[in-house]
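Residue numbers (the working numbering), protein chains in the order written: chain A, 1 to 270; chain B, 1001 to 1065.
Notes follow once the structure below has been shown.
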Amino acid sequence: MTTVQASKQLNLYGSEFTSRFLIGSAQYPSPAILLDAIRASHAGIVTVSLRREAGKDGAGQQFWSLIQKSGARLLPNTAGCKTVKEAVNTAHMARELFATPWIKLEVIGEDDTLQPDVFGLVEAARILCAEGFQVFPYTTDDLVVADKLLAAGCEVLMPWGAPIGSGRGLNNPFALRALRAHFPDTTLIVDAGIGLPSQAAQAMELGYDAILLNTAVAKAGDPVAMASAFAQAIAAGHSAFKAGAIEARDMAAPSTPVLGSPFWHAEHES
Amino acid sequence: MKIQLNGASYDTEHPELAALVAALGHEADKVATAVDGLFVARPARAATLLREGCAVEILAPMEGG
């Protein structure tokens, strides 16, 4: 009972959130649909990024004004960074611009899969945690890397489900389950690869604390409806985890009590 | 003086980063800056001198996943 009460809200570096859905802000058909999708998702956290400001048109400021209307807390990322130096300096720029110590740390190691360079990730995490950042590392489902990220000072881990934007769901449920079991008290968020609400629910049923996704909503035929569908699936998966699932088994087990079975059952015996 | 501004060649007569940011029409607190790959905090821009060929990055918020 204590566990259930303690897990009512998502706790991220001391801040609590009712929703367990973190949503990305990229690739939407229009700014208005982005805003509507955020509202439909009920997400308390929206990921954002940095880009080169081309001119005086203030495109960056237009986005900034729009995203503030959502009322969500912002989680800036270091997307596109491939070295520790790039990631650390981008994190500093994000902290100044968005006025937050939160950083979704990405150090990309491979272009085809966009998988993290976990060696650079751990090093960058160590530097940024020491500098007062609250780091959300985008990582793989590797247990040892997870351990090193925690030792570096991370209080939240964000293992991938599958490559970014792939929509494949949970490529390795076994590894994700092992990660959950090994770090029962660490906040774990599945980040990347989710394509369907059922896949988000699956991650939550494994006991994950939250889901971060972008493409599955933004590129859906109806992003606003899909945001709502994900919100329901994430909540349902979390409720299912708290409720305690049955163990899967190979053979059937009758759900109807056999005691007092009608007489015709006896005819099939002997 | 020729510098690299956001990845493109750019001629500027402004010797300090803060002056360049202002000359480009950016409000100081609406962008973040780096020179040669290193973050330059807002208060340090006035004292940051630009050199021939240096790489200046001026970044603003954008959507992200």
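For every residue, glycine included, the Cβ atom is placed at its ideal position computed from N, Cα and C.
Its Cα nearest to that of A:Asp142, the residue A:Pro116 stands out among A:Pro116, A:Ile164 and A:Ala125.
Between the alpha carbons of A:Asn172 and A:Leu150 lies a gap of roughly 21 Å. Neighbours of B:Ala1034 in chain A, taken as residues whose beta carbon is under 8 Å from its own, are Asn89 and Met93 in chain order. By the rule that beta-carbons nearer than 7 Å mark a contact, B:Val1031 touches chain A.
For A:Met251, there is no enclosing alpha helix (DSSP H), as DSSP gives it neither H nor E. At least one CB of chain B lies nearer than 7 Å to the CB of A:Val48. Proximity of A:Gly60 to chain B, defined by a Cβ-Cβ separation below 7 Å, is satisfied.
If you draw a 10 Å sphere on the C-beta of A:Pro257, you find fewer than 16 other C-beta atoms in it, and that means exposed. Assignment of A:Glu16 by DSSP, reduced to helix, strand and coil, places it in the strand class. Its chain contains Lys1002 as the residues whose beta carbon lies nearer than 6 Å to that of B:Asp1011, once the 5 sequence neighbours on both sides are disregarded; these appear in chain order.
The beta-carbon of A:Ala43 is placed no less than 7 Å from the nearest beta-carbon of chain B. Exclusion of the five residues before and after A:Ala72 leaves Ile38, Ala43, Gly44, Ile45 and Val46 as the residues of its chain whose Cβ lies within less than 7 Å of its Cβ.
Chain-ordered, the chain B residues with CB closer than 8 Å to the CB of A:Trp64 read Lys1030, Ala1060 and Pro1061. One thing to note: A:Asn89 has its Cβ no nearer than 7 Å to the Cβ of B:Ala1044.
Using a CB distance cut-off of 7 Å, A:Leu22 does not count as an interface residue toward chain B. If you ignore the 5 residues before and after A:Ala200, its C-beta comes within less than 6 Å of the C-beta of Ile194, Ile211, Phe230, Ala233 and Ile234, all in its own chain and listed in chain order. Bounds of any beta strand (DSSP E) do not take in A:Ala203; it lies within the alpha helix (DSSP H) bounded by Pro197 to Glu205. Beyond the five residues adjoining it in sequence on each side, A:Thr113 comes within less than 7 Å, by CB distance, of Pro163 in the same chain, given in chain order.
Contact between B:Ala1032 and A:Glu96 holds: their C-beta atoms lie close to 5 Å from each other, under 8 Å.
Per DSSP, the unbroken alpha helix (DSSP H) holding A:Met226 starts and ends at Pro223 to Ala243. Neighbourhood of B:Leu1038 in chain A, by CB distance below 7 Å: Asn89, in chain order. Under the Cβ distance rule, B:Gly1064 counts among the residues neighbouring chain A, one pair being separated by less than 7 Å.
Exclusion of the five residues before and after A:Gly167 leaves Gly193, Ile194, Gly195, Leu196, Thr215 and Ala216 as the residues of its chain whose Cβ lies within less than 8 Å of its Cβ.
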